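Here is the structure we will look at.
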Amino acid sequence: MGEMIPVASSEDVTVYCPEFGRYAFYNSPYPAHRLSIGVDVYPGVGFGDVAGSPVGGEVIQIRKVKAPRGRTFKDHGYDVVTVIRSSENPGRVVKTLHIEPVVECGDVLEPGQDLGVLIRSGYYGFSTAPHIHVEVRPPSDPLRVRGGSRLRRLLDVGSPKPLDELRGVVTRSRREYAVVKLEGVPAHGVPCTVGGAPGLLDGGIPYYGWLGVHMGSVAPRGDLVELCGKPIADVRSLRGNACIAECTDFSFRLDGVPIGLSLYLYPRAEPEVLLIPMRPGGLELETSTEITIEIK
């Protein structure tokens with residue numbers, strides 16, 4: 320799994336991501352993400368594979384919970400909440416979801432040590448990749464949907480150069496999505512501008528209807544989010560070194576067909592973009608195909 324990279328923190332608790340994985344604060348329709356209290360860590364392995372713990376601490380609670388039935392896919396049948404008392408700050412706990420533990424209560428973990436098996440939760444959409452949902456919470460309130468502590472991104476965004484176009488090569492393709500390596504994308508994610516200032520996009524765009532932008536040290540001079548010089552969202556709230564924006568009336572199109580883009584942050588791996596069809600099987604792309612995505 321490689322080195323574990325610190326990617327987020329809250330209440331003196333650090334959240335880690337494998338160096339060749341990816342993570343997202345805002346690529347989800349669920350409330351914790353819009354409130355900036357949840358981060359999803361994608362270890363870069365498949366469903367049924369073992370993934371390492373995103374935090375250090377003692378496992379204090381494991382609970383199976385009901386989950387919806389998977390839409391268009393076979394789900395795991397239930398989800399699992401695991402609560403870990405932080406070794407950095409014993410006054411806080413970490414809630415994880417979507418991973419069936421191979422550990423027991425009382426076990427003490429370091430970041431990256433085996434936590435459990437990644438499961439395909441019924442809470443997922445058809446294109447959702449295996450990941451661990453992470454929240455930092457008070458010990459008296461470990462399980463609720465709301466009530467976590469706001470997370471802060473640790474990555475230095477820098478000043479990424481905006482893209483002129485969305486052109487790239489298909490590296491992998493399956494019924495649920497296609498993976499594309501875009502030309503000109505910097506080290507950690509897909510660049511955009513917010514009020515003219517550089518940032519990195521984070522979200523399921525435009526199908527969730529909103530997105531996040533991770534900003535650098537340059538302050539925005541307006542509320543318009545642009546990608547390739549075209550408006551895609553309006554900022555609604557600031558969240559420290561990030562902002563939340565509502566999507567405008569636009570679409571991504573590939574050969575005239577509407578698609579979504581699933582965007583993440585990358586600690587060290589080369590950034591990729593997931594092309595999401597409107598339905599499973601709606602994209603039939605061969606690997607090594609060169610594509611251009613239009614913004615309409």
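Okay, so the sequence shown: first residue is 320 according to the working numbering, each after it adds one. Each residue gets a CB set at the ideal place from its N, CA and C atoms; glycine is no exception. For clarity, every value in this text was computed on a predicted model and none was experimentally measured.
Where residue i falls, given that 16 or more other Cβ within 10 Å makes a residue buried
i: G515; result: exposed
i: V532; result: buried
i: P409; result: exposed
i: E589; result: exposed
i: L557; result: exposed
i: V384; result: exposed
i: G575; result: exposed
Cutoff 7 Å; reference residue i; Cβ partners in own chain excluding five residues on either side
i: Y442; result: A386, P387, D398
i: T606; result: V489, T490, R491, S492
i: H395; result: I438, R439, S440
i: R390; result: F445
Beta-ladder partner(s) of residue i, from DSSP
i: L604; result: DSSP, once it has assigned bridges, lists no residue as partnering L604.
i: R555; result: Answer is none; R555 lacks a bridge partner.
i: D361; result: Residue identity check: residue 361 is Tyr in the sequence provided, not Asp. Answer by DSSP bridge pairing, in chain order: R341.
i: Q260; result: Because the chain here runs from 320 to 615, residue 260 falls outside it and cannot be looked at.
i: S329; result: V332
i: C562; result: V532, L557
i: H452; result: D359, L416
i: T611; result: R486
i: M323; result: P337
i: L519; result: P510, H533
i: I595; result: G579
i: G371; result: D433
Sequence-distant residues of its chain with Cβ nearer than 6 Å to residue i (five each side left out)
i: E429; result: G375
i: V378; result: I403, V422, C424, D426
i: V412; result: V402, R404, R456, P458, P461
i: Q380; result: V402
i: S446; result: E495, Y496, I595
i: P325; result: T333, Y335, L473
i: S627; result: With the chain covering only 320 through 615, there is no way to say anything about residue 627.
i: F392; result: F445
i: V504; result: P590
i: V592; result: V499, L501, L580
Alpha-carbon spacing of residue i relative to residue j, whole angstroms
i: D542; j: R555; result: 8 Å
i: Y349; j: T333; result: 22 Å
i: E545; j: I612; result: 15 Å
i: A506; j: D359; result: 19 Å
i: E565; j: D553; result: 5 Å
i: N346; j: R486; result: 22 Å
i: F344; j: T608; result: 30 Å
i: L604; j: D483; result: 23 Å
i: V498; j: G466; result: 35 Å
i: W529; j: R353; result: 9 Å
i: G522; j: A351; result: 14 Å
i: G340; j: R587; result: 8 Å
i: V509; j: Y583; result: 8 Å
i: I614; j: K549; result: 7 Å
i: G579; j: G600; result: 14 Å
i: G435; j: V400; result: 11 Å
i: G367; j: V537; result: 42 Å
i: E322; j: P373; result: 12 Å
i: P481; j: G518; result: 9 Å
i: P362; j: G431; result: 10 Å
i: R382; j: M534; result: 37 Å
i: K500; j: L573; result: 15 Å
i: I356; j: H452; result: 10 Å
Contacting residues, own chain, Cβ-Cβ under 8 Å from residue i (five flanking each side not counted)
i: R540; result: G514, G515, A516
i: P577; result: S570, F571, M597
i: G365; result: L437, P449
i: R471; result: A327, S328, S329, G559, N560
i: D433; result: V369, A370, G371, S372, V421, V422
Check: residue i C-beta below 7 Å from any heavy atom of the ligand MG
i: G601; result: Because no ligand of any kind appears in the structure shown, any question about the ligand MG cannot be addressed here.
### Message
Taking contact to mean 3 or more Cβ pairs, one atom from each stretch, closer than 8 Å, check whether the stretch 468-476 and the stretch 413-422 are in contact.
### Response
Not touching, per the Cβ criterion.
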